[in-house]
Amino acid sequence: MAGLVSVLLLFSTFLSVRSFYLPGAAPHNYAEGEKVELFVNALTPMRSATNDKITDDYYNPKFRFCEPEGGPKQQPESLGSILFGDRIFNSPYDIRMLQDNDTCKTLCVASEVTAEEAKFINDRIREDYALNWLIDGLPAAEMKIESKTKELFFDMGFNLGNNEGKHQNLPALNNHYEIVLRYHKPTSDSFRVVGVLVWPASIGGAQTATPNCDVRNSQPLILSEDHSQDVRYTYRVSWNESDTPWATRWDNYLHIFDPRIHWFSLINSLVVVVLLCAMVSMILFRSVSRDINRYNAIDVSEDVQEDWGWKLIHGEVFRSPPNALLLSIFAGNGSQLTAMAAVTLVFALLGFLSPSNRGSLATVMMVCWTFFGSIGGYVSSRVYASLGGTNRRKNAFLTATALPTLIFIVVFLLNFFLLSAGSSGAVPFGTMVLIIVLWFGISAPLSAVGSYFGARHGTIQHPVRVNPIPRQIPPGPKYLRPWVAMLLSGILPFGAAFVELYFVMSSLFASRAYYAFGFLALTAGVVALTTATVTILFTYFLLCAEEYRWQWRSFLIGGGSAVWILAYGLFYWATQLKLQSLTSVLLYLGYLFLISLLDFLVTGTIGFFAAYWAVRKLYSAIRID
């Protein structure tokens, strides 16, 4: 931890001396009167939404929003931004730095909004959909106060309409926007945007071209679902100087709700890890060391009693398990995913994944996954050879293609459901082709290269020989049965990640911002250590019960937390979300399946290699006659 702090301090010093900025994260200095672009993004359900999780394009013709001259133009986006559903366009808003302060303007008048369009808009208001704007990389937000700590924070997005005070069971459409832009002055003649706040309002009455921004003395705008009517959109811009520097402008957006919860969870998890490590150490350094010393102290000329426990199966412990090919593929893909997650967290901790670079997290993950195909191929090849496998070509081919094909099929089906529902969050065809090129055009060849070098390095040398005839396995205790051990062992890693898992799930499925990568990295380290120690402990119990089929069991024991994540995802659905349409249910279950599958591969790989290391250390320390 001290080394990480030193690296961060050195990096920050370099930034201050050389004035270096990450790509896309450099500040934009505006001159007075310079145009400040306002971009619009897809409409999404707010965090309190209780219905579908389907996004809508901002310029969906049924919304009848004002369009810029020449039509809307989509802005270039990163791969991760597209995958997460961003669809960013320009807008007709005319905002100039420090000009037109408190001036009421008419954006446009949408004439003849039909009854069908009114019903579509009203349905989206009832479902609590939000508008998402971007100015200088900052999302437009509403200022709110946290109920517990009374701290101010910016809640990203603002409501399309108002469900309160319904007239004839119809909600009110927000057609007026009070835009408050906070700016900071680094020099006397330059300005930087450090905050974007929007207060939407509904103004009814005569919908003429004459601007009316009198929010207090006006009735709400109710869209009739029986006849056509006009809608006037107005806005007013206010400029407020702020002491917030550009470097910390995201602090109000990335508000951590009660950080004491994170610290309590980490401390609790660390206590569990310390106890586990102490338990494993006690077993290894007392019980195992005593047995090893006793075995090695025996004179071969003496009449000794028969071996028992874990030493009795020394001729079976490295016997090739069934389905060794599948196990090696799992270990290879799990190693690739683990390397991807570790490098991504390092980039996030060093500040490379700025929230201003939308989708940068997903982009880095995709790129790391692609170029770490060589790691997956190398590990899979060596594990397969060490487990006694001989069909190396089949191993190399399936390692490179099996998991990407499965994930692509699931993503393709989920994307089909999004397309059938008319969601703007559906991944475009061109992006799907790019993903195929990344996976099967770059990752697969790199995996083949890794398999080649893994085959050249050969098998891992085992400290004991394998008997030609397998011995019979006595009945073991019930808690060591595969599925029972998997469920029992998964409780502790899942408990270590439970709190952070809630925030991650809320970020993915409830539109909450999450940027606590420090907590996430610490939690990931605790989970990895917990998984390794629990797997070693259960593997030792298996060997003492004369159960030598530890390879698959160690993978299942290590991946046991995935079962609890799947169960928690179903609990989160039942308590936090109310998905009423079949499309939303299928989307949620599909994403939950992918999350659980990837966690199973990562934690299962950690458990397998931890057990492999412990078994080799154990049997290399004894003398076999």
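Counted the way mature numbering (1 follows the signal peptide of the UniProt record, and there is no 0) counts, the sequence shown spans residues -19 to -1, 1 to 606.
Note that CB positions come from ideal geometry on N, CA and C, so glycine has one too.
Which complete alpha helix (DSSP H) runs does the stretch 14 to 95 hold, if anything under 4 residues is left out? 60 to 64
Just to confirm, is the Cβ distance from residue 373 to residue 432 under 9 Å? Taking the sequence shown and counting its residues from 1, one reaches residue 373 at position 392. Taking the sequence shown and counting its residues from 1, one reaches residue 432 at position 451. Cβ distance < 9 Å, so residue 373 and residue 432 count as in contact.
For residue 438, the first and last residue of its enclosing alpha helix (DSSP H): Stepping through the sequence shown from its first residue, residue 438 is reached at position 457. Run containing residue 438: 425 to 438, per the alpha helix (DSSP H) assignment.
Contact between the stretch 443 to 451 and the stretch 408 to 428 (3+ Cβ pairs under 8 Å): no
Given this structure, state the Cα-to-Cα distance separating residue 576 from residue 583, to the nearest angstrom. Numbered from 1 along the sequence shown, position 595 holds the residue referred to as residue 576. Numbered from 1 along the sequence shown, position 602 holds the residue referred to as residue 583. Those two C-alpha atoms are separated by around 11 Å.
Any idea if residue 165 is buried or exposed, counting beta-carbon neighbours within 10 angstroms, 16 or more meaning buried? Here residue 165 corresponds to residue number 184 of the sequence shown, with the count starting at 1. Buried: at least 16 other Cβ atoms inside 10 Å.
Cβ neighbours of residue -5 in the same chain (closer than 6 Å, five flanking residues each side left out): As a first step, residue -5 is located in the sequence shown; it is residue number 15 there, counting from the start. Annotation note: pLDDT 33 at residue -5 (below 50); position unreliable, no value reported.
Does the Cβ-Cβ distance between residue 154 and residue 212 come in under 9 Å? The residue labelled residue 154 in the question sits at position 173 within the sequence shown. The residue labelled residue 212 in the question sits at position 231 within the sequence shown. Yes, they are a contact pair.
Since residue 86 contacts residue 192 with CB under 8 Å, what's their CB separation in whole angstroms? In the sequence shown, residue 86 corresponds to position 105, counting from 1. In the sequence shown, residue 192 corresponds to position 211, counting from 1. Going by Cβ atoms, the distance from residue 86 to residue 192 rounds to 6 Å, so yes, they are a contact pair.
Let me confirm a value: residue 263 is counted as buried when at least 16 other C-beta atoms fall within 10 Å, else exposed. Which label applies? Walking along the sequence shown from the start, residue 263 turns up at place 282. With fewer than 16 other Cβ atoms within 10 Å, it is exposed.
Assuming residue 340 contacts residue 65 (C-beta within less than 8 Å), just tell me the rounded distance between them. As a working mapping, residue 340 is identified with position 359 in the sequence shown. As a working mapping, residue 65 is identified with position 84 in the sequence shown. So it is a contact: roughly 6 Å between Cβ atoms.
How would you call residue 607, buried or exposed, if buried means at least 16 neighbouring beta carbons within 10 angstroms? The requested residue 607 is not part of the displayed model; the chain covers only -19 to 606.
Residue range of the alpha helix (DSSP H) that residue 554 falls in? Position 573 of the sequence shown, counted from the first residue, corresponds to residue 554. Where residue 554 is concerned, the enclosing alpha helix (DSSP H) stretches over 542 to 557.
Three or more C-beta pairs below 8 Å linking the stretch 422 to 429 and the stretch 377 to 388: yes
According to DSSP, simplified to helix, strand and coil, what is residue 262? Within the sequence shown, the letter at position 281 stands for residue 262. Reduced to three states, the DSSP call for residue 262 is helix.
Tell me, please, which residues DSSP counts as bridged to residue 615. The requested residue 615 is not part of the displayed model; the chain covers only -19 to 606.
Measure the CB-CB distance between residue 585 and residue 513 and report whether it falls below 9 Å. Mapped onto the sequence shown, residue 585 falls at position 604. Mapped onto the sequence shown, residue 513 falls at position 532. Result no, Cβ atoms of residue 585 and residue 513 do not sit closer than 9 Å.
Where do the ends of the alpha helix (DSSP H) carrying residue 565 lie? Here the question's residue 565 lines up with position 584 in the sequence shown. Note, residue 565: alpha helix (DSSP H), 563 to 601.
Which first and last residues belong to the beta strand (DSSP E) in which residue 174 is found? Along the sequence shown, one-based indexing puts residue 174 at 193. Residue 174 -> beta strand (DSSP E) spans 171 to 182.
Answer yes if the stretch 554 to 570 comes into contact with the stretch 502 to 512, meaning at least three C-beta pairs across the two stretches below 8 Å, and no otherwise. no
Same chain, Cβ closer than 6 Å to residue 599, neighbours up to 5 away in sequence not counted: Working through the sequence shown from its first residue, we reach residue 599 at position 618. Around residue 599: no qualifying Cβ.
Nearest-angstrom Cα distance between residue 40 and residue 547? By 1-based counting over the sequence shown, the position of residue 40 is 59. By 1-based counting over the sequence shown, the position of residue 547 is 566. Taking the straight line from one Cα to the other gives about 36 Å.
Which of the three DSSP states, helix, strand or coil, is assigned to residue 220? By 1-based counting over the sequence shown, the position of residue 220 is 239. Note: residue 220 maps to strand in three-state DSSP.
Is it the case that the Cβ atoms of residue 156 and residue 107 are separated by a distance below 9 Å? Taking the sequence shown and counting its residues from 1, one reaches residue 156 at position 175. Taking the sequence shown and counting its residues from 1, one reaches residue 107 at position 126. It is not a contact, given that the beta carbons lie outside the stated cut-off.
Quick one: measure Cβ to Cβ for residue 511 and residue 254, integer angstroms, because I've assumed they're closer than 8 Å. Locating residue 511 in the sequence shown gives position 530, where the first residue counts as 1. Locating residue 254 in the sequence shown gives position 273, where the first residue counts as 1. Indeed, because the Cβ distance is near 5 Å, the residues count as touching under 8 Å.
Check whether residue 183 and residue 96 have beta carbons under 9 Å apart: For the purposes of this step, residue 183 is identified with residue 202 of the sequence shown, where counting begins at 1. For the purposes of this step, residue 96 is identified with residue 115 of the sequence shown, where counting begins at 1. Cβ atoms of residue 183 and residue 96: not closer than 9 Å.
Under the three-state reduction of DSSP, which class applies to residue 399: helix, strand or coil? Translated into positions along the sequence shown, residue 399 becomes position 418. Here residue 399 sits in helix by DSSP.
Quick check on DSSP: helix, strand or coil for residue 381? Here residue 381 corresponds to residue number 400 of the sequence shown, with the count starting at 1. In this structure, residue 381 counts as helix in the three-state DSSP scheme.
Here's a check: name, in chain order, each residue in its chain whose Cβ is nearer than 8 Å to the Cβ of residue 17, leaving out the five neighbours to either side. Sequence index remark: in the sequence shown, residue 17 carries index 36 (1-based). Contacts found: 11, 76, 77, 78, 116, 117, 162, 174.
Quickly, what does DSSP pair residue 215 with across the bridge? List them, please. On the sequence shown, residue 215 is found 234 positions in, with the first residue counted as 1. Beta-bridge pairing links residue 215 to 87, 157.
Compare the C-alpha of residue 202 against each of 594, 328, 152 and name the closest. Working through the sequence shown from its first residue, we reach residue 202 at position 221. Nearest option by C-alpha distance: 152.
Per DSSP, residue 210 is paired with what? Position 229 of the sequence shown, counted from the first residue, corresponds to residue 210. Paired residue(s): 94.
Since residue 332 and residue 429 should fall inside the 8 Å C-beta cutoff, what is the C-beta to C-beta distance between them, to a whole number of angstroms? Residue numbering aside, residue 332 sits at position 351 when the sequence shown is read from its first letter. Residue numbering aside, residue 429 sits at position 448 when the sequence shown is read from its first letter. Not a contact, Cβ separation roughly 35 Å.
Residue 15 to residue 24 span [Cα, whole Å]: Counting from one through the sequence shown, the residue named residue 15 turns up at place 34. Counting from one through the sequence shown, the residue named residue 24 turns up at place 43. Cα-Cα distance, rounded: 28 Å.
Skipping 5 residues on each side, what residues in its chain have a beta carbon closer than 8 Å to that of residue 219? For the purposes of this step, residue 219 is taken as the residue at position 238 of the sequence shown. 82, 83, 159, 160, 161, 162, listed in sequence order.
Just to confirm before moving on: does the CB-CB distance between residue 302 and residue 68 stay below 9 Å? As a first step, residue 302 is located in the sequence shown; it is residue number 321 there, counting from the start. As a first step, residue 68 is located in the sequence shown; it is residue number 87 there, counting from the start. No. Outside cutoff.
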